[in-house]
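Worksheet for the structure shown next.
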Amino acid sequence: MSSVVEKPLFLRAPASPDPLGAEAVSPTTLFSAIRRHAVVVLLTVLLIPLCVGLIVWQIPSRYAATASVQVQTRSRDLHDVQAVAYDNSTDPNIVTTEVDVLRSNDLALEVVRALHLDQNPEFVGPPRGLEAMFAWLGSLKNRVTGDRGVAASPEAQAARSLLDQLTIVNKERSNILGITVATHSPSLSVEVANAYADQYLKFRRNLKSADTLQARALLDNQLLELKRKQLAAEQAAETFRAGHGLTVVTAASPGGNAGPTVVGQQLAELNRQLVIASTARAQAEADLKQVQGLVATGQAEKAPQVLASPVVQRLQQLEAELSGQLAGAASNLDKSSPILERQRAQLATIRGRIAGEVNKVVASLETEVRSARSRETALTNQLQALRSQVDNQGNEMVRLRELEVEASAAGAIYQDFLQQYKRMTSGAVLQLPDAELIAAAVAPPHATSPKRTLLVLGSFAVSCVIGALLALSLERHHGGFRSSEEFAAETGAPALVLLPKLPRRARKRFDPSLLPSAYREALTLISARLLSRDASGHGRIVMVTSALPAEGKTWLSLSVAYSLAQTGARTLLIDCDLRRGAVAQALGLQGHGLTNLYHSYFPARATEPVVETVETASPVRPNGGFGVPARRKGLLASARSAGIIQTVSRNFDVLPVFPNKVNPVEFLASPQFRELLEHARVAYDMVVIDTPPVMMTAVGRILSRSVDSVLLAVRWCRTPRPVVANAIAAINDSGGYSLNAVLTMVDTKKYEAGRLGDSAYLYRKYAGYYGTAS
């Protein structure tokens, strides 16, 4: 059989993410990590605020003083009362421009010259404290890059330093600017802030005066030219009117426009009369059309013109009365009565008269329509004749209107410039200032920077966060499982118990009398869990393995097998770690082992199964817990007789392994070994197999197909989580099922100190309960 060569599983990518990495960390996990790494967290929380405190106390105190200036974003005129009273709008672009003006180097130079700051050591002296360190780093960078720079004058150096200490504050939707200057002296800060505000206001006043002088000079040059153009335009209009006989009826309007001519006035009057005549004709035609429509439908008596006639009203009243009498007589008299005949004749006569009156109304309306049309036609003819006369003067009037418009425009422009000139030169009209001082700077009661207390408190909060992150980082770097809850949540497989770490004297050789009571009780829980799943009545095969070496796997195999034997179950422990078998050494066994059994019995029987049986046993044990079949396989009986299977204690047999040169994969994957397991399944109640780590060899994955359950030893706080996840995945992929885990080598003191969950509480109670018995 060819050997199986496979890449070790611990070199593969992790099968599941780190729970302390991208996933959310629960408060319980966080507090547990902090408790386990309390020294690191405490040092972090103490050292960071201490270092920050030492640094901030080396920084000189600064005192900030603020002068407030209001900037008017729109030009305000005292003559415009409404604008002065209600114009509170703010233009953000102008406010931003004023901020740039305040931060300009020219304005800073004016403040430096006004206060002689170029002679103040704070603005031109060498830097101190941290500033000196930053300046040295800057000079070092210039040396490296070769940029020597240009030596600045004291004024320029002071201006640059002043701009560094200047802060302009502007709240949103506000036109008030705060000029804040921070220096090492409260009085100096006040003096500089107020001087800065004064220089800014002076700059605004000078700028406005310069604008006024420039505008005045421009108006002086333009007024004479505009006056000349106005007089020339008016003279041209009057000359044209007189030369073409375009006389006017009324005097010229105040704006300089001439009144209408005689022909124009007549034309306007005819137009007005024609509009009235057309309206009267349209109204008459509408009335006639309405009456004719009612006549056509037999409802002429409902026409408004008919109803307005007194005669029709009287006839309709008589008709109504006679109709009432006729209706009353018809109910009492015969239809052929003379009285009824007479009343019907009278009613017909009245209705005939009403129809005649309706015809008269219609005829009257037709007469009105004809008269209105005749008047409209006459006025139209007169208007056409007058228009012919006006057309003769049309071109001259158009030209006259153009000249009058030119004269009017020239006069309006001249008057506008004249008013502006008067307002500038008379001094009677003044504009409000574009900027004004709202509040002068005052001395601050205490230093504004650095905020030492706030910085230290902030560094303390940051150090707490950093300490917690360091604890979580160390926890993630540690990588092991600390509780059964973590294991189950991370892998999905149950962790049966937490197996305490054995004392040093109990780890030299397996001696059940040296096992602590808590350890024995944990083994009892494992045995109960394994035995509770035996529903078939036959022995169950349990494979004990681990992910990596030094996980406590062999000691777990011995302990579980011994515990099972103590319950009354005949138990066989098979050491399948052919390279580094440790069961024989732990029990102090010598002689033959598993490979000797293989070479002694199987080569001659490789082609036919071993089925003969020799010895018998009682079908039911006295304790009633486990039955043994009446027929056992002769193979295991012979191995026991030959000393290959050695009895350690009551119900506890061991099939050890000793140093050999057998290929483990080829041997354990052979049909002969599977036949051996079937013999053991029948001959024993429980079979425990100790296998090599599944992440180091393929033995564990091969055997997982032939066993009933797998017990995975995971070293507490040591075995990396990704490695455990890969080990579980390897067992599941190989066909293993009923996987359970045991956290081995648990340091009880560290576990109790670092856990906050339910398992820690139960473990403390459990240790206290069994502590006396130990």
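With the working numbering applied, the sequence shown covers 221 to 994.
Glycine is no exception: its CB is placed at the ideal position from the N, C-alpha and C atoms.
A direct Cα-Cα distance of roughly 7 Å separates GLN377 from PHE343. When DSSP states are grouped into helix, strand and coil, ASP338 belongs to the helix group.
Contact between the stretch 771–790 and the stretch 798–809 is present, with at least three C-beta pairs closer than 8 Å.
Listed in chain order, the alpha helix (DSSP H) runs fully inside the stretch 627–707 are 672–698, counting runs of at least 4 residues. Apart from the 5 residues on each side of it in sequence, VAL762 sits with its Cβ closer than 8 Å to the Cβ of LEU750, VAL780, MET906, VAL907, VAL908, ILE909, VAL927, ASP928, SER929, VAL930, LEU931 in its chain, given in chain order.
For the pair ALA258 and GLU695, the CB atoms are not nearer than the 7 Å cut-off.
Residue range 884–888 is occupied by the alpha helix (DSSP H) that includes VAL885. Taking the CA atoms as reference points, ALA691 sits about 18 Å from TRP936.
Rounded to whole angstroms, the Cβ separation of LEU490 and LEU603 is 5 Å, and the two are in contact under 8 Å. Using a C-beta cut-off of 8 Å, the stretch 309–324 makes no contact with the stretch 437–446, since fewer than three inter-stretch Cβ pairs fall below that distance.
In this structure, the beta-carbon distance from ALA453 to ALA630 falls below 7 Å.
Three or more Cβ pairs closer than 8 Å define a contact, and the stretch 888–899 falls short of that threshold against the stretch 736–751. Ranking GLY863, PRO891, VAL919, ARG894 by CA distance to the CA of ASN883 puts VAL919 first. Residue pairing by DSSP places GLY398 opposite SER288, VAL389 in a beta bridge.
Sequence-distant partners of SER679 (beyond 5 residues in either direction) whose C-beta falls short of 7 Å from its own C-beta, in its chain, are ILE268, PRO269, VAL272. Counting of Cβ neighbours within 10 angstroms places HIS666 among the exposed residues, the total staying below 16. Per DSSP, GLN810 lies in no beta strand (DSSP E) and is assigned neither H nor E. In this structure VAL261 is in contact with ALA688, their Cβ atoms being roughly 7 Å apart against a cut-off of 8 Å. Remark: three or more beta-carbon pairs, one from each stretch, lie closer than 8 Å, so the stretch 939–958 and the stretch 700–716 are flagged as touching. Excluding the 5 residues flanking it on each side, ILE658 has same chain C-beta neighbours closer than 8 Å at SER288, VAL289, GLN290, ILE396, in chain order. Secondary structure of SER557 (DSSP, three-state): coil.
Bounds of any beta strand (DSSP E) do not take in LEU734, whose DSSP letter is neither H nor E. Under the 8 Å Cβ criterion, the stretch 955–966 counts as touching the stretch 711–721, having at least three qualifying pairs. Assignment of ASN552 by DSSP, reduced to helix, strand and coil, places it in the coil class. Scanning the stretch 895–973 for uninterrupted beta strand (DSSP E) segments of 3 residues or longer gives 906–910, 929–935, 959–966, listed from N- to C-terminal end. Residues of the same chain with a CB within less than 6 Å of the CB of GLY813, apart from the 5 flanking positions on each side, are PRO876, VAL877, PHE878 in chain order. Closest in alpha carbon position to GLU411, among SER669, ALA660, ILE496, is ALA660.
In the three-state reduction of the DSSP assignment, PHE460 falls in the helix class, which pools H, G and I. Taking LEU856 as the centre and dropping the five residues before and after it, the same chain places the C-beta of HIS899, ALA903 closer than 6 Å to its C-beta, in chain order. Looking at the DSSP output, THR791 shares a beta bridge with PHE872, MET906. With a threshold of 16 other beta carbon atoms within 10 Å, ILE399 meets it and is buried. At a cut-off of 4 residues, the continuous stretches assigned as alpha helix (DSSP H) that sit fully inside the stretch 251–286 are 258–276. In the three-state DSSP reduction, ILE761 falls in the strand class (E or B). With contacts defined as CB atoms closer than 7 Å, GLU577 and VAL618 fail to qualify as a contacting pair.
With a 10 Å radius around the Cβ and a threshold of 16 neighbouring Cβ atoms, ASP384 comes out exposed. Taking all protein chains shown into account, VAL589 has 16 or more neighbouring C-beta atoms within 10 Å of its C-beta and is therefore buried.
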